[in-house]
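Going down the list, the protein sequences come from chains A and B. For the first sequence, the numbering used here gives the first residue as 0, with consecutive numbering after it. For the second sequence, the numbering used here gives the first residue as 0, with consecutive numbering after it. Notes for the one structure printed next.
2 protein chains.
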Amino acid sequence: MNDSRKRTPRIEILFTGSELLEGHPNTHQNYLCLRLKNAGFSVVRATTVPDDQAAIASSIRDWALYSDALIVCGGLGPTFDDLSREAASEALKRPLVYHPEIFKKIKTRFSRFRLPIPKENKKQAYVLKGAEIIDNPRGSAPGQMLEIARKNNIPQALFLLPGPFAEMSPLFEGVVLPRLNLLYGRNFAESLSLHLSGIMESSADEKLSPLVRAFKDKAQFTILGLAAQVDFHVSVKGKTAEEASQVMRKLKAAIFKKVGAFVFGEGEDTLECALGRELSRTKKTLAVAESCTAGGLSSRLTAVPGSSDYFLGGIISYSNDIKKGLLGVRSETLSKFGAVSSKCAIEMAEGVRQKMNSSVGISVTGIAGPGGGSAKKPVGLAYVGLAGFAPKPFAHELHLSGDRDTVRKRAIAWALHFALRALNEL
Amino acid sequence: MNDSRKRTPRIEILFTGSELLEGHPNTHQNYLCLRLKNAGFSVVRATTVPDDQAAIASSIRDWALYSDALIVCGGLGPTFDDLSREAASEALKRPLVYHPEIFKKIKTRFSRFRLPIPKENKKQAYVLKGAEIIDNPRGSAPGQMLEIARKNNIPQALFLLPGPFAEMSPLFEGVVLPRLNLLYGRNFAESLSLHLSGIMESSADEKLSPLVRAFKDKAQFTILGLAAQVDFHVSVKGKTAEEASQVMRKLKAAIFKKVGAFVFGEGEDTLECALGRELSRTKKTLAVAESCTAGGLSSRLTAVPGSSDYFLGGIISYSNDIKKGLLGVRSETLSKFGAVSSKCAIEMAEGVRQKMNSSVGISVTGIAGPGGGSAKKPVGLAYVGLAGFAPKPFAHELHLSGDRDTVRKRAIAWALHFALRALNEL
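This is how it looks when you write it as structure tokens:
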């Protein structure tokens, strides 16, 4: 067993392409990171540089110091701005060798498409001295793969892959990933994403830090605060699949002991999905009355395919006339307590429930800003009303920060959280 | 004039966040690259590293050799995996200094939300020695800005920015970009973003390419297709402010000659803002009836501050009972033509207009998928109904592609476009 098996293999990715630094999204990065993570590798750096030989060479030069394997995507085409081959040669001080059999293949390819072959394509037949050629059935540029040995016996591997996704991904899946597994004897990994609501990021952190410390040699942790939601990502590794899953079982139990009361889902789960499941489980239908969020809550609820099974509809009551006329909010409530009040939220929730004949009703009313706030009722004040969840309708008060958009998003997330919790308690 | 004026300033961006190397898309990178490009800067490297102090420090250590300014996004939060401050201190061999006034602000912030302050937040009050503090009104972690001088007289600047987009972007726009302009004595530049609707990206491209060719030495162009919208970004440079603005005037006139009929706004303008202006100009109020978009259209309309002046409210009619009971859609319409039909869209728009007593009504009904489609009415079929815009209500038919979320977003954007065009014609 070589040394590399003792720790997680460190993989680095380099993307070349000026367009990626001018606002074009880099979809390759998400794909490669996800695939490598799921295969138990750790991506320790992802770098994007323009189509510039010195920049590419500089990133390749650093590689052996920083990571075990470097995957370079792009820069293998035939044009003046395809410079990865030349840059690798410069960085590693290795000459490029002309391979006539590659050029022959390119010629055959072009003749198949009945095209004359531009002389620029000849550069695609140059390969780093000592590198293996990775056949690219979907394009003219073959990939390259170079292994060099490092002093401490961990193998070092460089992969040059073509940029277009349709060419890159089969080479990655078919050649690069199997080779990485072979070279680095692959740890077994398990990962877990937990979603919490009803807890602040810093409180979750306080509760979880002892675990992070206790498992620091066996697991990696990330904590992420979203609107009314905290995500906790964990990945563990082991020499065998059994070891990894055993560590994960222990860790998961420990996490649930600390914050289990706040966990609403795992993986791809969302608050609106969790609420939908609870509505289905309790056989309830839902209607929504929205003021400041103006359709945003309904929109999020119905992002779930199949939500029409429990979601009947909603009323957006921006004006007081509509609150009164369609939702049955009493004039006295509006004049005495105002539209942004616990009482109004309760009447809105109850009103929409009756109007739409649903089992439960949720309402949101608040001040999203930037205007409309006062000393007594500042921007960010909001109420979530819940009807049909308990014998009597009730409301929660919120004090939210952020701009108009953020206040609205947070109010929506809290409304989902409160409704979910109220259903859980049924 | 210092040396930096002679060449394009080199900007580098560093993103910290393990989740970005585990498959989460990095939306910040596109945004920052596009903004920097339009401002005339050159992004020479974008790097992503995990929440690991050594990795962050290593990237910061390299910076001064490679680029002029480094923008670090992320790692300023209060938790164990927020390490950018510590990493910068390690890399630059500069101590972190505790600023009690920052902690006081954080305490005030927490008390406003009636929350106890976790002790982890104290680390957010540490600032690199010699750095300026960048106030962050939307979050607890302030940004930091450090200038150091390099031998050849080109200034070197480091910016530490918070990770969440809503906190990062105002700090970038309000502080970082102006400071970069100040430091690197930019060429005089003018930029223009035009928003078009009612035209396909490829048609806009065809109409505009002669201009792109004609102005290629004086201007940079980006064309971006969004849902029912095409954005055209132009930036021009000149040795003097006068030269830049003269080129821009000419170019703008030429652009409007080609595609002026499709332009609805500039800069930060949006379709919902443009529609709001037209509603105000024509003194009309609006109500909305939504089926498949389920509140998304109302939510987008009310993203505009002050929209309560013209937006009265909406009805989300997911079930047919609500279409009939609240919107007055006729049973015969539903049984003969179905809920996804031109006739139903027209009755929904007219129904909500009457129910809410508004001058105009807009409706959307369609099949967002993934279920619910048929050979005759496939997923992506949608109708936008318009009432009060012309003597008789009418509807537009749409055939949209994409997943559930994309179909809904596109239907919303087209509804805004159709309503805007109908008002323009009044």
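Cβ coordinates follow ideal geometry from the N, Cα and C atoms, glycine included.
Excluding residues up to 5 positions away in sequence, A348, E349, R352, G360 and P392 lie with their Cβ nearer than 6 Å to the Cβ of A386 of chain B in the same chain.
In the DSSP annotation of this structure, the continuous segment of the beta strand (DSSP E) that includes V71 of chain B starts and ends at A68 to C72. Among the residues of the region 308 to 327 of chain B, those with a Cβ less than 8 Å away from any Cβ of chain A are F310, L311, G312, G313, I314, I315, S316, Y317, S318, D320, I321 and L325, in the order of the chain.
The DSSP assignment places 176 to 182 and 200 to 213 as complete runs of the alpha helix (DSSP H) inside the region 172 to 224 of chain B, in order along the chain (cut-off: 4 residues). Using a Cβ-Cβ cut-off of 9 Å, V43 of chain A is close to L20, V48, P49, D51 and A54 of chain B, given in chain order.
The DSSP assignment places 341 to 355 as complete runs of the alpha helix (DSSP H) inside the region 341 to 369 of chain A, in order along the chain (cut-off: 4 residues). Contact note: C32 of chain A reaches chain B through L20, E21 and G22, using a C-beta cutoff of 7 Å and chain order. DSSP places I411 of chain B in no beta strand (DSSP E) but in the uninterrupted alpha helix (DSSP H) bounded by R403 to N423.
Each of A:F388, A:A418, A:L419 and A:L380 was checked against the Cα of G401 of chain A, and the nearest Cα belongs to A:L380. Below 8 Å, too few C-beta pairs join the region 364 to 377 of chain B and the region 299 to 307 of chain B to call them touching: fewer than three. At least 9 Å separates the CB of D134 of chain B from every CB of chain A.
Beyond the five residues adjoining it in sequence on each side, L191 of chain A comes within less than 6 Å, by CB distance, of V233 in the same chain, given in chain order. Taking 9 Å as the threshold, the shortest C-beta distance from S373 of chain A to chain B does not fall below it. At a beta-carbon threshold of 9 Å, the residues of chain A lying near R111 of chain B are P377, G379, H398 and S400, ordered along the chain. A:K104 is the residue among A:K104, A:R149 and A:Y309 whose C-alpha sits nearest the C-alpha of P136 of chain A. For P99 of chain B, the three-state secondary structure derived from DSSP is helix. For I254 of chain A, the uninterrupted alpha helix (DSSP H) segment begins and ends at A240 to V258. The Cβ atoms of V383 of chain B and A394 of chain B lie closer than 9 Å to each other. Secondary-structure assignment with DSSP links F14 of chain A through a beta bridge to A:T47 and A:C72. Membership of I321 of chain A in the alpha helix (DSSP H) is indicated by the continuous run N319 to G324. A check of alpha carbon separations from L91 of chain B across B:I147, B:K238, B:Y97 and B:S110 identifies B:I147 as the nearest. Each residue's CA atom was taken as its position, placing L82 of chain A and D404 of chain B some 39 Å apart.
Residue contact check for N423 of chain B against chain A: no CB pair falls below 9 Å.
Secondary structure of K236 of chain A (DSSP, three-state): strand.
The Cβ atoms of E346 of chain B and I315 of chain B do not sit closer than 9 Å to each other.
Apart from sequence neighbours up to five positions away, the residues of its chain that approach N319 of chain A with a beta-carbon distance below 7 Å are L333 and A338, ordered along the chain.
Taking 8 Å as the upper bound for CB-CB distance, L270 of chain A and S196 of chain A are in contact here, some 6 Å apart.
Residue nearest to G129 of chain A within the set A:L145, A:P141 and A:P117 is A:L145 (criterion: CA-CA distance).
Taking 9 Å as the CB threshold, D80 of chain B lines the interface with chain A. For chain B, the residues of the region 180 to 211 of chain A that bring a beta carbon within less than 9 Å of one of its beta carbons are S190, M199, E200, S201, S202, A203, D204, E205, L207, S208 and V211, in chain order. In this structure, I12 of chain A sits away from M355 of chain B, with a CB-CB distance that is not shorter than 9 Å. Per DSSP, reduced to three states, the secondary structure at E265 of chain A is strand. Spanning the alpha carbons of T15 of chain B and E85 of chain B requires a straight line of approximately 13 Å. Rounded to the nearest whole angstrom, the C-alpha separation of L182 of chain A and R149 of chain A is 13 Å. By the C-beta density criterion, S110 of chain A is exposed, having fewer than 16 other C-beta atoms within 10 angstroms.
Taken atom to atom, the span from the alpha-carbon of F310 of chain A to that of I411 of chain B is near 20 Å.
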